Each structure stands twice: as structure tokens, then as C-alpha cells.
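Per this note's numbering, the very first residue in the sequence shown carries number 10; after that it's consecutive.
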Amino acid sequence: MIDIHSHLLPDVDDGVETFDESIEILRELSNHGISKLVLTPHHIPETIYNSPRLDNLKLLHELKKIVQEEGINMDLYLGNEIYINREISKFLKDKILSALNDSKYLLIELPMSGTYEGYEDIFYNLQAEGYTIILAHPERYIATQKDFTILERLHNLGILYQCNLGSIVGQYGHKAEKTIKKLAKKDLIFSFGTDTHHFRDFSEIDDAIRYLTKIYGKAKLDVLLTDNPLKILK
Numbered sequence: 010m011i012d013i014h015s016h017l018l019p020d021v022d023d024g025v026e027t028f029d030e031s032i033e034i035l036r037e038l039s040n041h042g043i044s045k046l047v048l049t050p051h052h053i054p055e056t057i058y059n060s061p062r063l064d065n066l067k068l069l070h071e072l073k074k075i076v077q078e079e080g081i082n083m084d085l086y087l088g089n090e091i092y093i094n095r096e097i098s099k100f101l102k103d104k105i106l107s108a109l110n111d112s113k114y115l116l117i118e119l120p121m122s123g124t125y126e127g128y129e130d131i132f133y134n135l136q137a138e139g140y141t142i143i144l145a146h147p148e149r150y151i152a153t154q155k156d157f158t159i160l161e162r163l164h165n166l167g168i169l170y171q172c173n174l175g176s177i178v179g180q181y182g183h184k185a186e187k188t189i190k191k192l193a194k195k196d197l198i199f200s201f202g203t204d205t206h207h208f209r210d211f212s213e214i215d216d217a218i219r220y221l222t223k224i225y226g227k228a229k230l231d232v233l234l235t236d237n238p239l240k241i242l243k
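The following block contains the structure:
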């Protein structure tokens, strides 16, 4: 399994604070079947969550070294969870942001609350530059929970969806669960992720996979859990 959404670089956002905490979680995620993981610290302009690419690469290098020393069987890659804004292209050119493993895939986050303000022009411009947009946890936004047609419209524009495994088993509440099940039923999901910030009971990964296997079947689910994310890493 490949996880394309996590917050396990220490002390850069609202995720883990120390290398020890990161290692503890990575070991546990490895035990739950994750063999490759993309570290995607938040990048939110004009907040404290804006650690630049060069600093993140240094942390990644140190974390990889410790992972190897600890004998954890997991490959690590760098990206960002990018809060939607009109400077994304500039930040990428200035090497402040990281695409997912230096690919042409961008993991982008919308505001969690409020109304959908129409970000199509931002998506269009990034697509024109050759980027593919992956929307992080679309099932969790209040706007898309209220109006599912937003997700149908964006999907028709070529936006891909990364959903959180925990959403399918109620980790983020009933509305997120209802929305992700609708996305699954309509076969609109491109990949999954754990969106791990801190240590917790990771049994929801196993519960989610059991539930999703009933929806998709094993072969189709393997595409979403491994094959599609592998396209990003390659």
C-alpha cells in the first residue's frame, strides 16, 4: 500500500513534533501494510505552516537515515499539502513548494469550512502548466458535503481525488462518511491516504480496507491503494 498524504516531518506543521514520534508512527504504519509514504507538510501562506522545500528536504534526508537504521521497511518521498491560493505556480518555480515526489502531481487542499468560492481558474492555470491536481480529502469539506455536484463538476475538469481511509469508517464524522461512500459508489476516487498527524489507533486502516474490499473487490482496490499512487512516484 502507498500513502500519499501524511504529516510526519517533525516540527513543521500541525503534525509530529519529533523524529522519535515520526519513527514510532512509521513503524506502526509499516505494520499495517504501508511500504511507501509521501510526507506532505501543510503549506499555507502567511501562516507558520510554510516550511520551505530546502528545509523539508533536509528533514527528509535525516528521517530516511533513521528509518534505515531502525530497520523499518518503508520508502519515503516528499511533497506538500498545498492550501489553495493564487501563488502556487510562483511558489513551485521558486522551489518553495514540492510537488509529490517532484512529479507533475500536486496535492491541494481547499478551505475546510465555508462556501465553495470557485477555484477553477487556479486549477485551469496549473493544468495549463502541465500539472495534475489531486484534491486532498474532498469528503471532508463542508461545502462539498452540502453540494456533491461540486465534486462531480471538478472531476469532469480532470481533478483527481485522494480520500482519507478513516473517512469510510466514520473517523471524520457522518457527513464525511456519507460523502466518501458516494464518491466510492460513483467510482470517482483516484487514491487513498491516512492523513496521519499523530500517533493513534491505526486499526481503522484495516477496518477501512475490509469495508472498501466489499465495495470495489480486491483487484480494483489494489489499483487505488497501490497502482495509482505508484504512477505519481514514477
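For glycine and all other residues, C-beta sits at the position ideal for the given N, C-alpha and C.
Since the model is a prediction, treat every value here as computed from it, not as a measurement.
Checklist entry - Where does the unbroken alpha helix (DSSP H) through valine 76 begin, and where does it stop? => result Counting along the chain, valine 76 sits inside the alpha helix (DSSP H) bounded by residues 62 to 79.
Next on the checklist: Using 8 angstroms as the cut-off, can you tell me whether the segment 56 to 75 makes contact with the segment 221 to 232, which would need three or more C-beta pairs spanning the two stretches below that distance?
Outcome noted: For the pair of segments examined, the segment 56 to 75 was found not to touch the segment 221 to 232: the number of CB pairs separated by less than 8 angstroms stays below three.
Item to check | Proximity to tyrosine 125 [Cα-Cα], best of Ile91, Leu135 and Arg162 | outcome: Comparing Cα-Cα distances from tyrosine 125 to each of Ile91, Leu135 and Arg162, the minimum goes to Arg162.
Item to check | Cβ pair glutamate 118, isoleucine 93 closer than 8 angstroms | outcome: Going by C-beta atoms, glutamate 118 is nearer than 8 angstroms to isoleucine 93.
Next on the checklist: Using the three-state DSSP reduction, which class does alanine 228 fall into: helix, strand or coil?
Outcome noted: DSSP places alanine 228 within a helical segment (H, G or I) once states are collapsed to three.
Item to check | glutamine 77 classed as buried or exposed, judged by whether at least 16 other C-beta atoms fall within 10 angstroms | outcome: So glutamine 77 counts as exposed.
Checklist entry - leucine 135: which of Gly182, Gly167 and Leu35 sits nearest, CA to CA? => result Residue Gly167 is the option with its Cα nearest to leucine 135.
Item to check | Start-to-end residues for the beta strand (DSSP E) that takes in leucine 174 | outcome: It is not in any beta strand (DSSP E) - leucine 174 carries neither H nor E in the DSSP assignment.
Checklist entry - Helix, strand or coil: how does DSSP classify isoleucine 97 here? => result In the structure shown, isoleucine 97 sits in a helix (DSSP, three-state: H, G or I).
Item to check | Cβ neighbours of valine 178 in the same chain (closer than 8 angstroms, five flanking residues each side left out) | outcome: Excluding sequence neighbours, valine 178 sits near Glu186, Glu213, Asp216, Ala217 and Tyr220.
Next on the checklist: Less than 8 angstroms between the C-beta atoms of asparagine 65 and isoleucine 241, yes or no?
Outcome noted: A distance of 8 angstroms or more separates the beta carbons of asparagine 65 and isoleucine 241.
Next on the checklist: Considering only DSSP beta bridges, list what glycine 202 is partnered with.
Outcome noted: Its beta-bridge partners are Asn173.
Item to check | Cα-Cα separation, threonine 49 to serine 122 | outcome: Cα-Cα distance, rounded: 21 angstroms.
Checklist entry - Using the beta-carbon count (16 or more within 10 Å), is asparagine 173 buried or exposed? => result Looking at its Cβ environment, which holds 16 or more other Cβ atoms inside 10 Å, asparagine 173 is buried.
Checklist entry - Going by other Cβ atoms of all chains shown within 10 Å of its Cβ, with 16 needed for buried, is asparagine 165 buried or exposed? => result So asparagine 165 ends up on the exposed side.
Checklist entry - Between His207, Leu35 and Ala193, which lies nearest to glycine 226 when the distance is taken from Cα to Cα? => result Comparing Cα positions, the closest option is Ala193.
Item to check | Beta-carbon proximity check, threonine 141 vs tyrosine 181, cutoff 8 angstroms | outcome: Using a Cβ distance threshold of 8 angstroms, threonine 141 and tyrosine 181 do not count as a contacting pair.
Checklist entry - Rounded C-beta distance between aspartate 23 and histidine 146? I'm assuming under 8 angstroms. => result Rounded, the Cβ-Cβ distance is 15 angstroms, inconsistent with contact.
Checklist entry - Anyone know if the C-beta pair for isoleucine 189 and leucine 169 falls short of 8 angstroms? => result When the beta-carbon positions are compared, isoleucine 189 and leucine 169 stay at least 8 angstroms from each other.
Item to check | Cβ-Cβ separation, isoleucine 91 to leucine 106 (assumed contact under 8 angstroms), whole Å | outcome: Their Cβ separation, rounded to whole angstroms, is 6 angstroms, which keeps leucine 106 and isoleucine 91 in contact under 8 angstroms.
Next on the checklist: Please state the DSSP three-state secondary structure of lysine 45.
Outcome noted: Correct three-state label for lysine 45: strand.
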